[in-house]
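Take a look at the structure set out below.
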Amino acid sequence: MNQFSEWSRCAIIALAIIAGVVSTSSRSADATPGDFVAATQAAYVDARPQLENSPFHRPLSIDSEQSGARLTGSIEARLDAPFADVAKSLSDADGWCRIMLLMPNIADCHGTADRYAHALSVGLVRKFDDAPRAATPVRFSFDVDAQPDGLQVSLEAPNGPLGTRNYRIRLQAVPVADGQTFITLRYSDEYGWAARMAARVYMATSGADKIGFSSSGTSADGKPQYVGGLRGAIERNAMRCYLAIETYLSTAKLDDDARFGAALQRWTQAIAEYPAQLAEEDIDAYRRAKLRDAAAAASDAGASS
Numbered sequence: 115m116n117q118f119s120e121w122s123r124c125a126i127i128a129l130a131i132i133a134g135v136v137s138t139s140s141r142s143a144d145a146t147p148g149d150f151v152a153a154t155q156a157a158y159v160d161a162r163p164q165l166e167n168s169p170f171h172r173p174l175s176i177d178s179e180q181s182g183a184r185l186t187g188s189i190e191a192r193l194d195a196p197f198a199d200v201a202k203s204l205s206d207a208d209g210w211c212r213i214m215l216l217m218p219n220i221a222d223c224h225g226t227a228d229r230y231a232h233a234l235s236v237g238l239v240r241k242f243d244d245a246p247r248a249a250t251p252v253r254f255s256f257d258v259d260a261q262p263d264g265l266q267v268s269l270e271a272p273n274g275p276l277g278t279r280n281y282r283i284r285l286q287a288v289p290v291a292d293g294q295t296f297i298t299l300r301y302s303d304e305y306g307w308a309a310r311m312a313a314r315v316y317m318a319t320s321g322a323d324k325i326g327f328s329s330s331g332t333s334a335d336g337k338p339q340y341v342g343g344l345r346g347a348i349e350r351n352a353m354r355c356y357l358a359i360e361t362y363l364s365t366a367k368l369d370d371d372a373r374f375g376a377a378l379q380r381w382t383q384a385i386a387e388y389p390a391q392l393a394e395e396d397i398d399a400y401r402r403a404k405l406r407d408a409a410a411a412a413s414d415a416g417a418s419s
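Letter by letter, the sequence shown follows residues 115 to 419 in the numbering used here.
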């Protein structure tokens, strides 16, 4: 499989999502805790018409932009999940690790903490069936701002594979009507010379026909024309990350032993709704590999506790 294709699929991680699970909500220097709540509530008011008319089988909108060496993917969505469940699951580093392990190129994840900071150690692999021991470790800082009426989670990593850098993922959530939750998920990274060279090869070969989710216009017969290239890649990653979050939250009532397996089943069903963008060739092999990764991560966590 082309090396850049593997980098692009792991970049959002977490969904991955990640977003995208997963780079951080770095709070601006003059902001006070909780400032994001009013802004996210206002964003929901603006987003509602688009969410109500979403073409994605769920109340969701997605966009991307490329500015110089920086790529950004953004998702706004309304989750059919109570804010209390969202806040509980997404304030927890272990919860984010379970979300990340649903993603194709994450084979290992565990939370770490010292007296100064919390972090996630994430293991990136080239293919989903690579063993966790083959993973390249990347350390993400992990910051949570939990308010009674809002949640902001930020992750950040200064460096990634192929000379990529400045990974940032920020999730914001607020409760809305009918026991639902509105979230914004924003992911960005920068790519250096090695990634640019790999991208050119990828876009000229196996990635030439791959598409994203946002439309760049319509064809003569009225069908949407979807973005491709690097914007398409970042949108696919953002959607994977979001679906990992959505499906993990849908299992909130299950106990820990059953939760990951149920989320994995629902995640594979969710990506099947978008075959043009997110299809996995061997879904049974994918499930086996992800269950193996989760079991290995749980075993490592137990051994270190």
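Cβ coordinates follow ideal geometry from the N, Cα and C atoms, glycine included.
Contact belief for residue i with residue j at Cβ below 8 Å, rounded distance in angstroms
i	j	result
Ala-161	Glu-190	5 Å
Tyr-305	Ala-183	6 Å
Gln-391	Phe-327	6 Å
Phe-150	Gln-286	5 Å
Asp-222	Ala-249	5 Å
Ile-220	Gly-237	7 Å
Tyr-400	Glu-394	5 Å
Sheet register partners of residue i (DSSP bridge)
i	result
Ala-390	Bridge partners of Ala-390: none, in fact.
Asp-199	Per DSSP, none; premise fails for Asp-199.
Cys-223	Val-236
Thr-295	Leu-193 and Pro-289
Thr-278	None, per the DSSP bridge assignment.
Ala-260	Leu-265
Gln-379	According to DSSP, which records beta bridges pairwise, Gln-379 is partnered with nothing at all.
Pro-173	Per DSSP, none; premise fails for Pro-173.
Phe-254	Leu-234
Residue i burial status per 10 Å Cβ neighbour count (16 or more: buried)
i	result
Tyr-201	Here the sequence assigns Ala to residue 201, which means Tyr is not the residue at that position. Classification of Ala-201: buried, given that the 10 Å Cβ count is 16 or more.
Val-135	For Val-135, the predicted structure reports a pLDDT of 34, less than 50, and the residue's modelled location is therefore unreliable. A value from the coordinates is still provided. Buried: at least 16 other Cβ atoms inside 10 Å.
Asn-273	exposed
Ala-153	exposed
Gly-346	buried
Glu-270	buried
Ala-408	buried
Ile-385	buried
Ser-302	buried
Ala-130	With a pLDDT of only 32 at Ala-130, under 50, the local geometry of the prediction cannot be trusted, and the value read off the model is given with reservation. Buried, by the Cβ-count rule.
Gly-336	exposed
C-beta neighbour in chain C for residue i, strict 8 Å
i	result
Leu-165	This model lacks chain C altogether; it includes just one protein chain.
- Message: Could you tell me which whole beta strand (DSSP E) segments of length 3 or greater appear in the segment 312-342?
- Response: 329-332 and 338-340, all fully within the segment 312-342.
- Message: Pairs of beta-carbons, one from the segment 359-369 and one from the segment 213-221, closer than 8 Å: are there three or more?
- Response: With the rule of 3 Cβ pairs closer than 8 Å, the segment 359-369 counts as touching the segment 213-221.
- Query: Would you call the segment 336-352 and the segment 371-380 in contact, with 3 or more CB pairs under 8 Å?
  - Reply: No, the segment 336-352 is not in contact with the segment 371-380.
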